[in-house]
Amino acid sequence: MKEPAEVFDVGAKSFEMISEGHYRLTAPLFGLQFDVDRLRRDRHELVGELAVKCDIAGALTVNGVLSVADFNLSSARARQDRGKLLAARARVADDFDWPGLLEEFCQRVLGAERTGQPAVSLRDLPRPEAQDDLVVDGVYLPRRHPGILFADGGGLKSYWLAYALGQLNRRGFRVGFFDWELSGEDHRDRLERLFGADMPDIKYVRCDRPLVYEVDRLKRIREEEQLDYLGFDSVTFACDGPPEAAEVAAAYFRAVRQMGVIGSLHVAHITKADGGDQKPFGSAFWHNGARSTWFAKRTDDGVMEQTVTLGIFPRKANLGPRRPAVGVEFAFGAERTIIRATSLADVQDLASQLPIRQRMAHLLRSGAMSTKVLAEELSEKLDTVERTARRYKNQFVLVKGHDGSSRLGLLESRPA
């Protein structure tokens, strides 16, 4: 009876999950590495991109990679065929058990996917930082979650994104700009106009494919550059399908999640339908999937559009109170673009977007007024003004005049 051949010993092996949908089996003795990424279910079978590396002398490798291709981990036939391919390219003795190594790797991955991550006690998790937002001129951006800034075409949303990333970098954050629309040269010009010759350091990446296909490259760049915050411009061009499809929005946010626990701002467009200023264009999942959303609207000075006011209005805040709207003025010069804060209540085209409480407070800063006159100035019903005053008693107060009349004033300006 023929004795079975001794299996070639590859030494100690280690198996680990690198990230969600990414696993690795390593045998350092021969520089062996089985790496599968971008795992997905296709007709109930687990498929991913399998890359096999080794440093065996004489092996047919490209930059150390023996083979890389999509692979069905659920198929026994696929394991046999890939094992034969690896053996042929490695050009080692027949007793080097490539099929056995591949079988072990597949079983470990399938077991890990079935098991999933274990349950944890919420009370054992660390609390988020007290200040879990990054604030840029009054706009609150989640530090660890995605947010969306949406506006009509030409609404200066990309310009403001470059400004926000530059401001964050000047405060010590490492930031990245992932762009599907313009070019690096265009954004470089904007950056110098905004900040002058001493420009902040923004890591720029030009993207040509949908995010679900770019995510591996962008994730690697994020890790190599140790980025703290990301900007994506824009959602529509980064979609792998129509943005109004729920599955497209879901796939987009899954790809964003693969970047790790990191804050990001995604530029999006608005729908032309009624209420288009309430949610980003496309499926409702864009609004639902983001942790905060902001709507931006511009108004021009009418003189060669040299001065533009941008109103940034909060539409959603999952992680805290909804913040006040923010006014930003862009002053476009020959060489520089100056951005400064401005009051939206003073801009006729944008003031109507403000909550009535904010508009009331703006008018009352110059002194108390009768509720009737106040309602006329605001083009609101008298009942609405009085109800708002009663609701916010910590801000408004009824002031008695010398003639016995009653007027509404701000609490902080109430006479002692």
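Taking my numbering, I'd label the letters of the sequence shown as residues 38 to 453. Glycine included, every Cβ here is placed at the ideal spot set by N, Cα and C.
The beta carbon of residue 244 is closer than 6 Å to those of 215, 217, 251 in its chain, skipping five residues each way along the sequence. Residue 221 and residue 241 do touch by the CB rule: their CB atoms are close to 5 Å apart, below 8 Å. With contacts defined by Cβ atoms closer than 8 Å, residue 318 and residue 332 do not form a contacting pair.
In the three-state reduction of the DSSP assignment, residue 263 falls in the coil class, being assigned neither a helical nor a strand state. Counting along the chain, the unbroken beta strand (DSSP E) around residue 60 starts and ends at 59-64. It is roughly 7 Å from the alpha-carbon of residue 82 to the alpha-carbon of residue 110.
Distance from the CA atom of residue 354 to the CA atom of residue 174, rounded to whole angstroms, is 17 Å. Looking at the DSSP output, residue 86 sits in a beta bridge with 74, 107.
Around the C-beta of residue 375, fewer than 16 other C-beta atoms lie within 10 Å, and the residue is accordingly described as exposed.
Between residue 391 and residue 193, the C-beta spacing is not below 8 Å. One Cα belongs to residue 364, the other to residue 161, and the distance between them is close to 41 Å. For residue 399, the enclosing alpha helix (DSSP H) covers residues 393-401. Straight-line measurement puts the Cα of residue 356 at about 7 Å from the Cα of residue 328. DSSP places residue 377 in no alpha helix (DSSP H) but in the uninterrupted beta strand (DSSP E) bounded by 374-378.
The beta carbon of residue 101 sits closer than 6 Å to those of 90, all from its chain and outside the five residues before and after it, given in chain order. By alpha-carbon distance to residue 428, the top candidate from 394, 163, 120, 404 is 394. For residue 276, same chain residues with a beta-carbon under 7 Å away, outside a window of 5 residues either side, are 247, 285, 289 in chain order. In this structure, residue 187 places its C-beta atom within 8 Å of the C-beta atom of residue 307. A residue is called buried once 16 or more other Cβ atoms fall within 10 Å of its Cβ, and residue 271 is buried on that count. Non-local C-beta neighbours of residue 283 in its own chain, meaning closer than 7 Å and more than five positions away in sequence, comprise 320, 322, ordered along the chain. The C-beta distance from residue 407 to residue 442 rounds to 7 Å, short enough to fall under 8 Å.
Within the model, the alpha-carbon separation for residue 135 versus residue 121 is close to 8 Å. Nearest in C-alpha terms to residue 281, of all of 253, 381, 125, 324, is 324.
Note: residue 101 is not bridge-paired with any residue in the DSSP secondary-structure output. Contact check for residue 128 and residue 97: beta-carbon distance about 7 Å, within the 8 Å limit, so the pair qualifies. Here residue 206 is buried. Its C-beta has 16 or more other C-beta atoms within 10 Å. Take the alpha-carbon of residue 108 and the one of residue 61: they are about 14 Å apart. Counting only the Cα atoms, residue 142 lies some 7 Å from residue 71. When the five nearest sequence neighbours on each side are left out, the beta carbons in the same chain lying within less than 6 Å of the beta carbon of residue 415 are those of 396, in order along the chain. Looking at the backbone, the Cα of residue 383 and that of residue 305 are separated by about 27 Å.
DSSP places residue 332 in the strand class (E or B) of the three-state scheme. Listed in chain order, the non-local C-beta contacts of residue 360 below 6 Å within the same chain comprise 177, 351, local neighbours out to five positions each way being set aside. Of 203, 212, 257, the smallest CA-CA separation from residue 234 is found for 203.
Counting only residues of its own chain and dropping the five nearest sequence neighbours on each side, residue 169 has a CB closer than 6 Å to the CB of 180. For residue 174, there is no enclosing alpha helix (DSSP H), since its DSSP letter is neither H nor E.
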